[in-house]
Every structure is written in structure tokens, then in C-alpha cells.
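Q: Chains as they are written, first to last, in my numbering: chain X, 1 to 120; chain E, 1001 to 1218.
Following this message is one structure expressed as C-alpha cells.
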Amino acid sequence: MRCEEVAELLPDVLEGGAGAPARAVRHVETCLRCQAELAQYRRLLRALRQLRFQLPEPPAGLLSSLLGGVEASAERHALRAALLRRRVAYAAALAVAGAAGAAGAAVLAGRSRDRIRLAG
Amino acid sequence: MGPAAHAAPRDPLTASSPARLAAGARWGGETPEALVDAARAGDRSAFEELVRATYADTYALAFRMTGDEEDASDVLQEAYLRAYRGLRRFRGDAAFSTWLYRITANCASTHVTRRGRTRTSVLSPDAVVPDDRPEHDPEARASVNSDRARVAAAVADLPPRLRAVVVLRDVYDLPHEAIAAELGISETAAKVRLHRARKRLRERLFPLRGESADGSDP
Ligand SMILES: [Zn+2]
Chain X
1 MRCEEVAELL
11 PDVLEGGAGA
21 PARAVRHVET
31 CLRCQAELAQ
41 YRRLLRALRQ
51 LRFQLPEPPA
61 GLLSSLLGGV
71 EASAERHALR
81 AALLRRRVAY
91 AAALAVAGAA
101 GAAGAAVLAG
111 RSRDRIRLAG
Chain E
1001 MGPAAHAAPR
1011 DPLTASSPAR
1021 LAAGARWGGE
1031 TPEALVDAAR
1041 AGDRSAFEEL
1051 VRATYADTYA
1061 LAFRMTGDEE
1071 DASDVLQEAY
1081 LRAYRGLRRF
1091 RGDAAFSTWL
1101 YRITANCAST
1111 HVTRRGRTRT
1121 SVLSPDAVVP
1131 DDRPEHDPEA
1141 RASVNSDRAR
1151 VAAAVADLPP
1161 RLRAVVVLRD
1171 VYDLPHEAIA
1181 AELGISETAA
1191 KVRLHRARKR
1201 LRERLFPLRG
1211 ESADGSDP
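Next up, the structure:
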């Protein structure tokens, strides 16, 4: 394998594990140039990990605007929940009224059947 | 800053970092796990504590992905609303910080795509919290800081598609599968982008003898 081909695979060699092509790994073991390049990749990875600890200063007012957003969302949610509860209560009332009406009709129907039987 | 800022020994993370949360530190008198549980049970003030504890870190991720202060703020606004509404769906099997990173990454990716361009010209890699750890002597600190600024600038100069992948994988340590899912691309595509991003950064920041630092041949 030529160094140029191996160079294309070095970021995979870096990851290690099954993703690293065995031929490239074998080449790197015996090639100083590719070893040097791999070492530079390792330095890069260390430097990138360090970025995690370098926090850009968040803009002033960001925190309060985030908290305000959460509050507004919570209030919208509470309002929707209240509307939903009212709708559910209304629907339940309608259902009760409907059931009562149906029961009343059944009673009337039963009575009229009784009257017919009595008459017959 | 919470009480954790005074804890010793001080690590390079700020007290408001979720990495501290993940490590089981106490924050605002509550353990992070207790805060997450309380927030999931509908306690809004617990969620607000979580926002306070994590936003500087999440902002850093959004800023690195979008390259713009205003965009990063918009992304954060959306990410925390999504987190708040989706809190019930958060299962405790992943760290809360990882869950937040994924939401932020997804919002940032959508934001950058929608925008179709990034305002890289206004990037200010110098706008960082200075590293004031007392155990470092000033000279070494200056060199570490200038190295970091160089790395940050090189990452910021990458095209957004490459930048997102390298930030999520090599800075924030998200698995390939999560990166692919949040960016809406295949795992193979994510790996190809990562590979390209690393190659460009390596050539620019850590050139070999005979390579010019800007990545082009002399
Ligand atoms: Zn070689």
C-alpha cells in the first residue's frame, strides 16, 4: 500500500476498532511518515476535545429569555389543559343529559307497552 | 454560578456544565437526577434550574454548529422548549446532557439548513471565557489559549456540513448513530463527512513537514 492511499484511511485507523482496515494498520506499523501523520491526527483529536471546555460567553439576557420562553409555554399548556377540561366536562354533561333522556324514553316506551298489554 | 464553582479541585468545566450534572454533582442543593425527576413530574422550577445549569454548555454547542451568536440563541430557545415539552419522553437510560445535546444538534441542523448560509464572517473566536485556572503558569496558559483560539477558528471556517459532524463527534463525543439521526443523514454519510473534516483540520492545524499550513501545496 502506498502512503497516499493509507493517508486517506488514517482518520479510520484513528477510530480504531473494526473500522480500521488491517492493511492500512500494517502499513502504518512500518512507515515513519504515516506514523507521523497519525500522531498529528491524535494531536488534533486532543485539541478538539479541549474545545468542549472553552465556552463562548452567552449573550447577556439569553438566560432570562430562555426562562421566559419556558414560562410562556407552560402558561399556554395550562390554558389548553383548562379549555380541554371544560370541554370534557361539557361533553360529559351532554352525555349525562343524553343518557337521562334515553332512560326517560325507555320508561315511556315500557309504559305504553304495558298499556297495550292491559288493553289486550 | 452555583456553589459548585467553589468546589475543589476545580476541573476545566464551568460549574454550569452538564458534564458536572452527569457526574452526579449537587447543583442548587439538589442532585441533577432529582431535578430531572422533579421536572419530569411537572415541576417547572426544577426545569428552570436545569436550564440555568446547562445553558452555557448547550449554547457553546449551538454556537459552534451555527457560527453565529443570534442563530445560536434562536436554536437554544427552540431546543429548551422542545426539551420542556418532550421531558416525559426522556428516559433515564442516557445522560440528560446527552439528550439535550441531541435536541440542540437537531435544532441547529434544521436552523442552518433553513437559513441556507451561515454568517461565518461575524464569527468571533476570541469571545470566550478566559481560562483562569490558577495551577497554570501565565506563559503556558497564553500558549494553550492561543492554540485553542486557533483550533476554534479552524473549526468555524469549515463548511457547516463538515463542521456539524466534527463538533458533535470529536468535541461533544456523540455516537455516530446519534449524529446521523439528528442531522437526518445516513451513518455512512456522517462518517464520510467526519473523515473529510478531520483531514482538513489536520492539514491546517497540524501540517506535516512539506505541507503548508493552509492545506494547499506550496
Ligand atoms: Zn506510509
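Virtual Cβ for every residue (Gly too), placed ideally from N, Cα, C.
1) Taking C-beta pairs closer than 7 Å, name the residues in chain X that ARG1052/E reaches, listed in chain order.
2) Below 7 Å, is the gap between the Cβ of ARG33/X and the nearest heavy atom of ligand 1?
3) Starting from TYR1055/E, find everything on chain A with Cβ-Cβ shorter than 8 Å and list it in chain order.
4) According to DSSP, is ARG1200/E helix, strand or coil?
5) Let me confirm a value: GLY98/X is counted as buried when at least 16 other C-beta atoms fall within 10 Å, else exposed. Which label applies?
6) Ordered along the chain, which non-local residues of its own chain (more than five positions away) have a Cβ less than 7 Å from that of ALA1127/E?
7) For chain E, check one thing: does any of its Cβ atoms lie closer than 8 Å to the Cβ of GLN35/X?
8) Use the C-beta contact count for GLU1223/E: other C-beta atoms within 10 angstroms, 16 or more gives buried, fewer gives exposed.
9) State yes or no: is the beta carbon of TYR41/X nearer than 8 Å to at least one beta carbon in chain E?
10) Report the rounded CA-to-CA distance for ALA72/X versus ALA1180/E, giving the unit in angstroms.
11) Does the Cβ-Cβ distance between ARG2/X and ASP1170/E come in under 8 Å?
12) What's the gap between the Cα of GLU8/X and the Cα of LEU62/X?
13) Establish whether the CB of TYR1059/E and some CB of chain X are separated by less than 8 Å.
14) How long is the line joining the alpha carbons of ALA1156/E and GLU1203/E, rounded to whole angstroms?
15) Considering just the uninterrupted stretch of the alpha helix (DSSP H) at ILE1179/E, what are its terminal residues?
16) Quick one: what's got a C-beta closer than 7 Å to TYR1084/E's C-beta in the same chain, skipping five residues either side?
17) Within 7 Å: the Cβ of HIS27/X and any heavy atom of ligand 2?
18) What does ARG1115/E touch in chain X if you count any residue whose Cβ is under 9 Å from its own?
19) Hey, how far is the Cα of ARG1148/E from the Cα of ARG46/X?
20) Can you give me the Cβ contacts of ARG1193/E inside the same chain, cut-off strictly under 7 Å, excluding the 5 residues immediately before and after it?
21) Going by CA-CA distance only, name the one from ALA93/X, ARG42/X, ALA22/X that's closest to LYS1226/E.
22) From VAL1075/E to ALA1060/E, what does the alpha carbon distance come to, in whole angstroms?
A: With the structure as the only source:
1) As a first step, residue 1052/E must be located in the second sequence, where it is residue number 52. Neighbours of ARG1052/E on chain X, chain order: LEU63.
2) To locate residue 33/X, count along the first sequence from 1; it is residue 33. Checking every heavy atom of ligand 1 against the Cβ of ARG33/X, one is found closer than 7 Å.
3) The question asks about chain A, but that chain is absent: this structure's protein chains are X and E.
4) What you label residue 1200/E is simply residue 200 of the second sequence in a count that begins at 1. Of the three classes helix, strand and coil, the one that applies to ARG1200/E here is helix, per DSSP.
5) Walking along the first sequence from the start, residue 98/X turns up at place 98. It is exposed - the Cβ of GLY98/X has fewer than 16 other Cβ atoms within 10 Å.
6) If you number the second sequence from 1, residue 1127/E lands on position 127. Only weak support is given to the placement of ALA1127/E: the predicted model assigns it a pLDDT of 45, under 50, and the value that follows is read from those uncertain coordinates. Here the set comprises nothing.
7) Taking the first residue of the first sequence as 1, we reach residue 35/X at position 35. Not one chain E Cβ lies under 8 Å of GLN35/X.
8) For residue 1223/E there is no data in the structure shown, the boundaries of chain E being 1001 and 1218.
9) Indexing the first sequence from 1 puts residue 41/X at position 41. It does: the Cβ of TYR41/X has a partner Cβ on chain E nearer than 8 Å.
10) Here residue 72/X is taken as the residue at index 72 of the first sequence, counted from 1. Here residue 1180/E is taken as the residue at index 180 of the second sequence, counted from 1. Roughly 32 Å between the two C-alpha positions.
11) As a working mapping, residue 2/X is identified with position 2 in the first sequence. As a working mapping, residue 1170/E is identified with position 170 in the second sequence. Taking 8 Å as the Cβ cut-off, ARG2/X and ASP1170/E do not qualify as a contacting pair.
12) Within the first sequence, the letter at position 8 stands for residue 8/X. Within the first sequence, the letter at position 62 stands for residue 62/X. Approximately 42 Å between the Cα atoms of the pair.
13) Position 59 of the second sequence, counted from the start, is the residue given in the question as residue 1059/E. For TYR1059/E, the answer is yes, since a Cβ of chain X falls inside 8 Å of its Cβ.
14) Residue numbering aside, residue 1156/E sits at position 156 when the second sequence is read from its first letter. Residue numbering aside, residue 1203/E sits at position 203 when the second sequence is read from its first letter. Distance between the alpha carbons of ALA1156/E and GLU1203/E: 15 Å.
15) The residue you call residue 1179/E lines up with position 179 of the second sequence. That run of the alpha helix (DSSP H) goes 1176-1183.
16) Residue numbering aside, residue 1084/E sits at position 84 when the second sequence is read from its first letter. Excluding residues within five positions, the ones whose Cβ falls inside 7 Å are PHE1047.
17) The ligand content of the structure shown is limited to ligand 1, which means ligand 2 is not among them.
18) Counting from one through the second sequence, the residue named residue 1115/E turns up at place 115. Going along chain X, no residue has its Cβ under 9 Å from ARG1115/E, so there is no contact; the nearest lies around 18 Å.
19) The sequence position of residue 1148/E within the second sequence is 148, counting from 1. The sequence position of residue 46/X within the first sequence is 46, counting from 1. Straight-line Cα distance between these residues: approximately 11 Å.
20) The count along the second sequence starts at 1 and reaches residue 1193/E at position 193. The answer, listed in chain order, is ARG1161, LEU1162, VAL1165.
21) Given a span of 1001 to 1218 for chain E in the structure shown, any question on residue 1226/E remains unanswerable.
22) Here residue 1075/E is taken as the residue at index 75 of the second sequence, counted from 1. Here residue 1060/E is taken as the residue at index 60 of the second sequence, counted from 1. In a straight line, the C-alpha of VAL1075/E is about 11 Å away from that of ALA1060/E.
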